[in-house]
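First residue of the sequence shown: 233, per my numbering; consecutive thereafter. Read the structure below first, then the notes.
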Amino acid sequence: MPTPISDPNASREQAEPVDAATDTKAPAARPTVQTPALTAPPSEGEDLHTPPLVTFEPGAVRKSALCLAFLLLLPFYVSLPAMLAMRLSYGLWGSTVGLGLLALAFTAIMIILWIQLNHAVRTYVTIGADKVKFNVPRNNGPTPFLRYTTTTLNLDDIIAVETHRECYGAPVVPVLLRTVILVTRDGSRHKLGYVHANDTDSFPLMRIAEMIAARAGIAIRDGGIVERSVRAEVAQQVAGFTYQSLAPRAIKDVEIERYNARHRSIVVVLVVLLTVALAVGIGVDVMRAGSTA
Numbered sequence: 233m234p235t236p237i238s239d240p241n242a243s244r245e246q247a248e249p250v251d252a253a254t255d256t257k258a259p260a261a262r263p264t265v266q267t268p269a270l271t272a273p274p275s276e277g278e279d280l281h282t283p284p285l286v287t288f289e290p291g292a293v294r295k296s297a298l299c300l301a302f303l304l305l306l307p308f309y310v311s312l313p314a315m316l317a318m319r320l321s322y323g324l325w326g327s328t329v330g331l332g333l334l335a336l337a338f339t340a341i342m343i344i345l346w347i348q349l350n351h352a353v354r355t356y357v358t359i360g361a362d363k364v365k366f367n368v369p370r371n372n373g374p375t376p377f378l379r380y381t382t383t384t385l386n387l388d389d390i391i392a393v394e395t396h397r398e399c400y401g402a403p404v405v406p407v408l409l410r411t412v413i414l415v416t417r418d419g420s421r422h423k424l425g426y427v428h429a430n431d432t433d434s435f436p437l438m439r440i441a442e443m444i445a446a447r448a449g450i451a452i453r454d455g456g457i458v459e460r461s462v463r464a465e466v467a468q469q470v471a472g473f474t475y476q477s478l479a480p481r482a483i484k485d486v487e488i489e490r491y492n493a494r495h496r497s498i499v500v501v502l503v504v505l506l507t508v509a510l511a512v513g514i515g516v517d518v519m520r521a522g523s524t525a
């Protein structure tokens, strides 16, 4: 008999044992392969159609940095109420006002840190051969807040993978974010979150979109850039109120460049003004020291 030709590209497997009683081959136990979370950029030539389970989540460096920052600031923040109470008991109203303003700013920083730490710990997207499961913020805005929802979708039910960039704070302080939305057959839209448009390290949204689209057999739909108002988004998320005059509008990359140029000019003016104020303050101190000498 001719010798069968083996496929050189086939993966090597151990020979299946033969059951002597039935003279048939018993199926060999296959080892379980655990795929680690992928947070690095995709390697060249990576096959996005590969069936193994893949989990995407924020990297360990981001989680550790946020946790360390929160734990370092927490003792100082907890001590602020005692410091305020002590000053009030001694009637030190002048320093109490300044410390109260510092406490408000400190509170805002701690809330932001807690929100970002909560997002880094709880967010994940798991992609399998026929399903995708994700735990993402429940609200649709760029700020994740504290409420999350877990959703499981069949890849066959996904009819579109949309991505677009959103510009906030224009034209003074423009912030460009990117989001990915999964559209299913029943018309529901599932947003996977936000990252900065050029950010590929904190949470690889575009790599997630590419893998989901590849395994679902569809193309990614790019919606361009949408300019949104921060005031309108806050009113919508907090009070459910919609500003018709501040409705989102599509813009081009040229407008983003113009916003960035204006922002750089504003920063330069602020730096110059602060430098002049600092120089004037030092000059006044020097003149006063010279007159009293």
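Backbone N, C-alpha and C fix where the C-beta goes; we use that ideal spot for every residue, glycine too.
- By DSSP's assignment, residue 288 forms a beta bridge with 357.
- Sixteen is the threshold: since fewer than 16 other Cβ atoms of the shown chains lie within 10 Å of the Cβ of residue 519, the residue is exposed.
- Only exposed fits residue 322, as fewer than 16 other CB atoms lie within 10 angstroms of its CB.
- The beta carbons of residue 392 and residue 450 sit about 7 Å from each other, so the pair counts as a contact at 8 Å.
- When C-beta atoms of the region 314-331 are compared with those of the region 385-401, fewer than three pairs fall below 8 Å, so the two segments do not count as touching.
- Contact between residue 288 and residue 436 holds: CB atoms are separated by about 6 Å, below the 8 Å threshold.
- By the 16-neighbour rule on beta-carbons within 10 angstroms, residue 330 is exposed.
- Rounded to the nearest angstrom, the gap between the Cα atoms of residue 427 and residue 373 is 12 Å.
- For residue 375, there is no enclosing beta strand (DSSP E), since its DSSP letter is neither H nor E.
- DSSP places residue 409 in the strand class (E or B) of the three-state scheme.
- Between the alpha carbons of residue 343 and residue 380 lies a distance of about 17 Å.
- Less than 8 Å separates the beta-carbon of residue 363 from that of residue 387.
- Nearest in C-alpha terms to residue 347, of all of 299, 394, 384, is 299.
- Apart from the 5 residues on each side of it in sequence, residue 458 sits with its Cβ closer than 8 Å to the Cβ of 396, 397, 398, 399, 480, 481, 482, 483 in its chain, given in chain order.
- In the three-state reduction of the DSSP assignment, residue 366 falls in the strand class, which pools E and B.
- Distance from the Cα of residue 375 is smallest, within the candidate group 462, 405, 522, 488, for 462.
- Rounded to the nearest angstrom, the Cβ distance from residue 453 to residue 394 is 5 Å, consistent with a contact under 8 Å.
- A buried status is given to residue 448, since no fewer than 16 other beta-carbon atoms sit within 10 Å of its beta-carbon.
- Residue 421: member of the beta strand (DSSP E) spanning 421-428, first to last residue.
- In this structure, residue 440 lies away from residue 390, with their beta-carbon atoms at least 8 Å apart.
- The beta carbon of residue 416 is closer than 8 Å to those of 385, 389, 390, 391, 422 in its chain, skipping five residues each way along the sequence.
- When only Cα atoms are considered, residue 493 and residue 361 end up about 45 Å apart.
- Counting C-beta atoms within 10 angstroms of its own C-beta, residue 411 has 16 or more neighbours from the protein chains shown and is therefore classed as buried.
- In the DSSP annotation of this structure, the continuous segment of the alpha helix (DSSP H) that includes residue 440 starts and ends at 437-448.
- In the three-state scheme derived from DSSP, where H, G and I count as helix and E and B as strand, residue 400 is classed as strand.
- Taken in chain order, the complete beta strand (DSSP E) segments of 3 or more residues contained in the region 475-510 are 481-483.
- Each residue's CA atom was taken as its position, placing residue 500 and residue 488 some 18 Å apart.
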